[in-house]
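For my numbering, add 120 to where a residue sits in the sequence shown, where the first one is 1. Note that the Cβ used here is the ideal one computed from N, Cα and C, for glycine as well.
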Amino acid sequence: METKRLNILVTGGNGQLGMCLRDESRRSPHRFIFSDVNDIPGLETLCLDITDRKALDLVADSENIDIIVNCAGYTNVEKAEDEISLAELLNATAVGNLADTMARREGSLIHISTDFVFDGSASSPIPECAEPAPLSVYGATKLAGEKAAVGCRSIILRTAWLYSEYGRNFVKTMLSLTAEKPVIKVVADQIGTPTYARGLAALIVHIIDSGQIGKSGIYHYTDEGAASWYDLASAVNRLAGHDCQVLPCRSEDYPAKARRPHYSVLDKNLVKQTFGVSIPWWQDSLRECMDKLSK
Ligand SMILES: NC(=O)c1ccc[n+]([C@@H]2O[C@H](COP(=O)([O-])OP(=O)(O)OC[C@H]3O[C@@H](n4cnc5c(N)ncnc54)[C@H](OP(=O)(O)O)[C@@H]3O)[C@@H](O)[C@H]2O)c1
Numbered sequence: 121m122e123t124k125r126l127n128i129l130v131t132g133g134n135g136q137l138g139m140c141l142r143d144e145s146r147r148s149p150h151r152f153i154f155s156d157v158n159d160i161p162g163l164e165t166l167c168l169d170i171t172d173r174k175a176l177d178l179v180a181d182s183e184n185i186d187i188i189v190n191c192a193g194y195t196n197v198e199k200a201e202d203e204i205s206l207a208e209l210l211n212a213t214a215v216g217n218l219a220d221t222m223a224r225r226e227g228s229l230i231h232i233s234t235d236f237v238f239d240g241s242a243s244s245p246i247p248e249c250a251e252p253a254p255l256s257v258y259g260a261t262k263l264a265g266e267k268a269a270v271g272c273r274s275i276i277l278r279t280a281w282l283y284s285e286y287g288r289n290f291v292k293t294m295l296s297l298t299a300e301k302p303v304i305k306v307v308a309d310q311i312g313t314p315t316y317a318r319g320l321a322a323l324i325v326h327i328i329d330s331g332q333i334g335k336s337g338i339y340h341y342t343d344e345g346a347a348s349w350y351d352l353a354s355a356v357n358r359l360a361g362h363d364c365q366v367l368p369c370r371s372e373d374y375p376a377k378a379r380r381p382h383y384s385v386l387d388k389n390l391v392k393q394t395f396g397v398s399i400p401w402w403q404d405s406l407r408e409c410m411d412k413l414s415k
């Protein structure tokens, strides 16, 4: 029996996860439409602001959308402490719009959330059933977004510490800093898992292509292993062949408005068992991304 060709709307399609999805969806039999609030010259993008409910409904109906993959969001953790309303609008209210639209169309939503919904008091990998307790405005608005996303059939993927060859991210910043500076200090008392956004994009395409979109729920997805920001910066320095001296420091030495969890390693057993995927170790993913960046 021939499978139906699905129409998939990606929001935030010019962000780093959206860009990785563009790459990973190339071989999918389904039709992916990439949208974002702003145009980037040379990139095919449908202009769509996810806070504009009317425009969203219009696009969903005219393009006959079956699935929305929401890669849009307010992602500046520091600025969110000051721009609370905007963070709420993008990370929670707009997610409610997306869920309403897909509920009306009897479609599905794949929504991306974060390890920052947790307070960092755990000491072993955190399962999906653990109680969230966000420390920051960003974390609180993302948690509200998770609640809004269940207004339709939805898969919520909590991820962490994303990097890729696209956009601005910690790995690219460290690549520049370790090239320019003889010494840098990096926080060593926050433990999580660096995650190549390409792997998350591949998981999303796999869920859709393998017909598993109906498996609603919250799932944790990061690369395997655990590291501090200091470990990650040191690995970037080493892999790039730079001779910068990377020194560890404490969170208190690095003044920040938003509080961040000290430990936010996520347990990935559920996503692996449910969708039949294996996950690479963060060091292998980092090497792959840095190879791409060096070309
Ligand atoms: N980055 C991480 O480390 C990390 C960790 C855990 C979870 N996540 C989650 O993963 C998802 C993707 O993150 P990312 O790193 O790919 O984010 P990103 O690079 O900041 O991309 C977000 C995209 O959303 C767009 N956008 C902003 N306002 C919009 C609106 N009103 N309507 C439509 N699009 C809008 C942004 O456009 P402009 O740039 O023009 O504003 C940007 O292209 C987010 O939900 C984020 O919370 C990220």
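Asked                                                                                                                                                                        : Found
Report yes or no: do three or more beta-carbon pairs, one from the segment 197-204 and one from the segment 176-189, lie closer than 8 Å?                                    : no
Cβ of Ala-192 within 7 Å of any heavy atom in ligand 1?                                                                                                                      : yes
For Ile-188 and Thr-131, which I take to be in contact (beta-carbon distance under 8 Å), what is that distance rounded to the nearest angstrom?                              : 6 Å
Which of helix, strand or coil does DSSP assign to Arg-370?                                                                                                                  : coil
What are the uninterrupted segments assigned as beta strand (DSSP E) that are 3 or more residues long and contained completely in the segment 255-330, given in chain order? : 273-279, 303-307
Give the secondary structure of Tyr-339 by DSSP, where H, G and I count as helix, E and B as strand, and everything else as coil.                                            : strand
Who are the near neighbours of Cys-272 in its chain, counting only those whose CB is closer than 6 Å to its CB and skipping five residues on each side?                      : Ala-219, Met-222, Ala-223, Leu-229
Let me know the secondary structure DSSP gives Arg-407 once reduced to three states.                                                                                         : helix
Confirm the yes/no value for this check: CB of Thr-195, any heavy atom of ligand 1, distance under 7 Å.                                                                      : yes
So, Glu-144 versus Val-325, is the Cβ gap smaller than 8 Å?                                                                                                                  : yes
Assuming the contact rule is C-beta atoms closer than 8 Å, Cys-191 and Leu-126 should be a hit. Round their C-beta distance to whole Å, please.                              : Contact doesn't hold; Cβ gap of about 17 Å is too wide.
Quick one: any contact between the segment 248-261 and the segment 287-304, if contact means 3 or more CB pairs under 8 Å?                                                   : no
How about Val-385 and Val-391: are their beta carbons less than 8 Å apart?                                                                                                   : no
From Leu-362 to Ala-280, what distance separates their C-alpha atoms?                                                                                                        : For clarity, residue 362 is His in the given sequence; the question names Leu instead. Going from the Cα of His-362 to the Cα of Ala-280 covers about 26 Å.
Taking the C-alpha atoms as reference points, what is the distance between Gln-365 and Lys-301?                                                                              : 8 Å
Would a C-beta distance cut-off of 8 Å place Tyr-383 and Ile-333 closer than the cut-off?                                                                                    : no
To test your reading of the DSSP string, which unbroken alpha helix (DSSP H) runs of 4 or more residues are found completely within the segment 154-200?                     : 173-182
Within a Cβ cutoff of 6 Å, which residues of the same chain sit near Leu-352, ignoring the five residues on either side of it in sequence?                                   : Pro-314
Within the same chain, show all residues whose beta-carbon is closer than 8 Å to that of Arg-151, passing over the 5 residues directly before and after it, in chain order.  : Arg-125, Leu-126, Asn-127, Ile-128
Specify the secondary structure class of Leu-386 as computed by DSSP and reduced to three states.                                                                            : strand
Does DSSP classify Ala-353 as helix, strand or coil?                                                                                                                         : helix
Got a sec? Which residues, its chain only, sit under 7 Å from Leu-209 by beta carbon, not counting five neighbours each side?                                                : Thr-171
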